[in-house]
Amino acid sequence: MKVTDILHRCFRCGYCKFPSNYEDFNCPSYVTYRFETFSPGGRMWVIREWLDGRLETSNRFKEILYSCATCSNCVNHCAFPDFRDMLLDVFRYAKEKLIDEGDVPPPVRDYLTNLYKFKNGFGIPQKKRFEWAEEVEDYDSKKHNYLLYVGDEACFDPVANNMARSTVELFKKINVPFGILTTREISDGLEAYNLGETELFKEIAKRLLEIFKEVEAKKIVTISPHSLYVFKKIYPAFFDMDFEFYHYTHVIRENLSRLTNSKIFKKISYHDPCYLGRYLKDYTTVRDILSFFCKDFLELSRNKKNSLCCGGGGGNFYTALTQKNLENSAKKRIVEALELGVDCLIVSCPICLVMLNDAKKTLGLDDKIEVMDVSEFILKYV
Amino acid sequence: MMQELIQGLKDIVGGEYVSTHLEDRFFYSRDGGTMESFEPDVVVLPQDSNQVSKILSLANKNKVPVYCMGAGLTLSGLHRAISGGILIDMKRMDKIIEVNERSRYVVVEAGISQGKLQAYLKKNYPHLKHSMPDAPPAATIGGNVAIHGSGHLSFLGGFHSDMVTGLEVVLADGRIIRTGSCSVSNYWFAKAPLPDLSGLFLGWFATTGIITKVGLKLYPAHPLSDVRVLICEDPKIMEEIIFKVTDLNIAEDIITWMTPKPDWARGFLHCNVIYGAKTKDELIFKRDLLFEQVRDLIDKKVTGFLPLLPFMKKRFLDVPGKDLVRFADVRKGGGFEYVGAMIPTNLFSDAYKLGLDIAQKHKVAYSLGSRIIGNSHSMMFFYAYAFNRADLADVKNAQNALYETNKKVIDIGGIPWKAEIPAQKEILKKMDKNTKGLIFELKKLLDPNHIMSPGNLEE
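Below is the structure:
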């Protein structure tokens, strides 16, 4: 079945916008814009009109397409099992067409230009990628069990970088033999793929795989669940490869016995990132770690496959289209956590870390709740 | 003038919640049914009653038509902007204002989804529930009561409009009024004993005002529930089954269904009887009562209970049930529409035959059924026809079947529910002249500039 064969099959029922219990809207772009066109179903109808030539390419159309955070809530909740797995594919197909037309929103263009020129979406020279990690060893396959792939966000964004630093420190503390790629690391290319720039994605992926091979990496650990997903699920669709991939929380869980089991008396909760949760179906690793340390672990009502996306996926971390209006899913997430009465909201994704911290600041709630990743949390409180 | 109006709307709700973009106007121009598109000039998303009031004042001053949409799930195209103008999407108005636990009612903003209210009650008041329609959870409370919806507690409580305890409504000139006890008291407990002004806004297709808040009855949510399915082959026997089961009065919901798919269901009429209980003993007691009530028919071998596996029970008890919308994909084409006909229960056989004849004549994929309303004084008999949206001939075929169904429903003594505009005209044709005259006078009184959903309730 072609992806475009499903476009007319959307019934507008709206299940795609909700979590399993329907407690509130769970689609980040719809939460921000609130026009039906920004829901997955709306996007389907509008794409059909556009492909059939009844709607022309417009800034609104581009905004509708690129504000999709690829969180996959719609895939998990659409009422039609015959085609729901193809929802994101059809959105990506339309974005590919826009890329072919050379007509994308300026922030998307800027991101892709940076990626092309600098091999990272921030437009920062590669030599600065690991300035923060001067004391971390270069990966040596004979010496290190793991190659730590840090990724763009955790290298270049100051808030997300805390997560990289903490992970490095924690790995050292628990004696995990690991090294990094230093100046050789480049973007994983996922956002190029999500934004419809498939050729650029393939070029980046090919180069990164060559680097992995050149350094004889076997076990690769990622900071970002986005990287983990693209390595495990998208790369193999284009390239032959033979690596093992892990998320940094997998390594922490494997080595929990090396940490003191000191109970932390803080009320905490966990925000499931889309790419570790809905995409890779890993809902237990972080919970295992947190429950090892914490007596008061509380679940947000929207958790696991019902998690409310922070709005940063699908390139929105860079383009900020899901942050355009006053209301957005990251702010809602912070409010939910506060209403649950937690002191600390734990994340395991650099994008979520930045998005939720930004939301907390914008809401003026900096002193009410902490947002930190698993490694930061362990280093601070264990 | 339009530019000034749009700027005025932006001043009221904020620029980000006003759209004149073609993409939005296209999407809001229709729904998932067969009715043709009518684009609004502008779509606006207010956040509270005051904003709705200001929008209507502005529209009234400029004599610009106003249409109103909840989730757009009527499938009869009721929100379409027949005369252009402003379309108000109500879904940002989704607050739960009050739950009165002891008096068992809730006050909500009209744009709240059924799903959000259900989830809120389950979490905070697990012993209370509201009547969920079979529509997807995105359906709004305001939209559903406005069209006289019905749902899984309708055998107990009647139409959802019967469950309304009070309304807040914005009139065409921007005045905000209240109906029911909340117009006198701080409590939204009942429509009585006052003149029932709610009736001026329920079933009027938003031609008299826009409902912005709803007081709604809540009911006990039993911890246990069960479903038993009676089957027979003769619609006359089904009438008898309905009469007997409703006479017993243990059910929360009674639904009949007849469909050619799956194969095991073809040719049979099914009656789901759903009931709740506080204890297992009570559940068994009710099950036994039900059996005794139809024992004579079972002895005659004209009916029996369908054996149900746990997953089938769950499917029947799930509220809302996702299976229902999947009918839209029967033709792999994203569409179905149904005539929901309000019919006296005694006409069950006629209604069933009518559906089969039309499905056969038009060769449409069909599903028939009914929900018994309020102790079986009436039922909502549905004739659902699936179509492939990508095949215009198929869409037209379903449209013809629907139109013919609407006409024949009126012929046998029923009335199409949430009627498409062609069916509204058929209803008005058949309506008592003085009644019709009064309806038009009231519309004119409440909307002298004829801005409220023009095209609806018109000859």
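Chains A and B, in that order, are what the protein sequence lines are. Every number in this note's numbering is 25 more than the matching position in the first sequence, counting from 1. Take the second sequence: its position 275, counted from the start at 1, is 270 in this note's numbering, and no numbers get skipped. For each residue, glycine too, the CB sits at the ideal point set by N, CA and C.
When we look at the beta-carbon of residue i and count the other beta-carbons within 10 Å, is it buried (16 or more) or exposed?
| i | result |
| --- | --- |
| residue 336/B | buried |
| residue 366/A | exposed |
| residue 87/A | buried |
| residue 259/B | exposed |
| residue 104/B | buried |
| residue 179/B | exposed |
| residue 23/B | buried |
| residue 331/A | buried |
| residue 448/B | buried |
| residue 372/B | exposed |
| residue 316/A | exposed |
| residue 362/B | buried |
| residue 375/B | buried |
| residue 220/A | buried |
| residue 174/B | buried |
| residue 403/A | buried |
| residue 443/B | exposed |
| residue 379/B | buried |
| residue 80/B | buried |
| residue 131/A | exposed |
| residue 401/A | buried |
| residue 69/A | buried |
If we call anything under 7 Å between Cβ atoms a contact, is residue i one with residue j?
| i | j | result |
| --- | --- | --- |
| residue 382/B | residue 390/B | yes |
| residue 110/B | residue 47/A | yes |
| residue 160/B | residue 210/B | yes |
| residue 72/B | residue 127/B | no |
| residue 90/A | residue 120/A | yes |
| residue 69/B | residue 413/B | yes |
| residue 298/A | residue 252/A | no |
| residue 245/B | residue 273/B | no |
| residue 422/A | residue 325/A | A question about residue 422/A goes unanswered here, because the residues of chain A that appear run from 26 up to 407. |
| residue 283/A | residue 314/A | no |
| residue 353/B | residue 415/B | no |
| residue 347/B | residue 230/B | yes |
| residue 131/B | residue 320/B | yes |
| residue 485/B | residue 100/B | The question about residue 485/B has no answer, for chain B in this structure spans -4 to 454. |
| residue 353/A | residue 62/A | no |
| residue 127/A | residue 169/A | no |
Taking the continuous beta strand (DSSP E) assigned at residue i, which residues delimit it?
| i | result |
| --- | --- |
| residue 227/B | 219 to 227 |
| residue 411/B | 410 to 412 |
| residue 253/B | 248 to 253 |
| residue 372/A | 369 to 372 |
| residue 208/B | 205 to 212 |
| residue 456/B | Given a span of -4 to 454 for chain B in the structure shown, any question on residue 456/B remains unanswerable. |
| residue 149/A | First-last for residue 149/A: undefined, no H or E at that position. |
| residue 244/A | 244 to 247 |
| residue 252/A | No beta strand (DSSP E) contains residue 252/A, which is instead part of the alpha helix (DSSP H) from 250 to 254. |
Grab the span of the alpha helix (DSSP H) containing residue i for me, first residue to last.
| i | result |
| --- | --- |
| residue 161/A | Element bounds for residue 161/A: n/a, residue is neither H nor E. |
| residue 76/A | 65 to 76 |
| residue 379/B | Where residue 379/B is concerned, there is no enclosing alpha helix (DSSP H), although the beta strand (DSSP E) it sits in stretches over 373 to 383. |
| residue 241/B | 230 to 243 |
| residue 22/B | 17 to 22 |
| residue 311/A | 310 to 318 |
| residue 137/B | 136 to 141 |
| residue 194/A | 183 to 198 |
| residue 201/A | Element bounds for residue 201/A: n/a, residue is neither H nor E. |
| residue 481/B | Summary: the structure shown does not reach residue 481/B, with chain B confined to residues -4 through 454, and so no result is reported for it. |
(request) Answer yes if the region 256 to 269 of chain A comes into contact with the region 229 to 236 of chain A, meaning at least three C-beta pairs across the two stretches below 8 Å, and no otherwise. (result) yes
(request) Kindly confirm or deny that the region 112 to 122 of chain B and the region 333 to 347 of chain B touch, where touching means at least three C-beta pairs closer than 8 Å. (result) no
(request) Flag this pair as touching only if the region 264 to 282 of chain B and the region 217 to 225 of chain B have three or more C-beta atom pairs under 8 Å; answer yes or no. (result) yes
(message) Extract the residue ranges of the alpha helix (DSSP H) inside the region 42 to 97 of chain B, only unbroken runs of 4 or more that lie entirely within it.
(response) 44 to 57
(request) Could you name each continuous beta strand (DSSP E) segment of 3 residues or more that falls completely within the region 144 to 190 of chain B, going from the start of the chain to the end? (result) 159 to 165, 171 to 175
(request) Decide yes or no for the touch test of the region 418 to 431 of chain B against the region 33 to 49 of chain B: beta carbon pairs closer than 8 Å, at least 3 of them. (result) no
(message) As an exercise, report each continuous beta strand (DSSP E) stretch of at least 3 residues that is fully enclosed by the region 346 to 397 of chain A, in chain order.
(response) 369 to 372
(request) May I have a chain-ordered list of the alpha helix (DSSP H) segments no shorter than 4 residues that lie completely inside the region 313 to 379 of chain B? (result) 317 to 320, 343 to 357
(request) Assess, as a yes-or-no matter, whether the region 128 to 146 of chain A is touched by the region 175 to 183 of chain A under the definition of 3 or more beta carbon pairs within less than 8 Å. (result) yes
(request) Tell me, please, whether the region 344 to 363 of chain A touches the region 73 to 83 of chain A by the rule of three or more beta-carbon pairs shorter than 8 Å. (result) no
(message) Quick check on the DSSP output: what are the complete alpha helix (DSSP H) runs of length 4 or more inside the region 247 to 305 of chain B, in order along the chain?
(response) 275 to 288, 290 to 294
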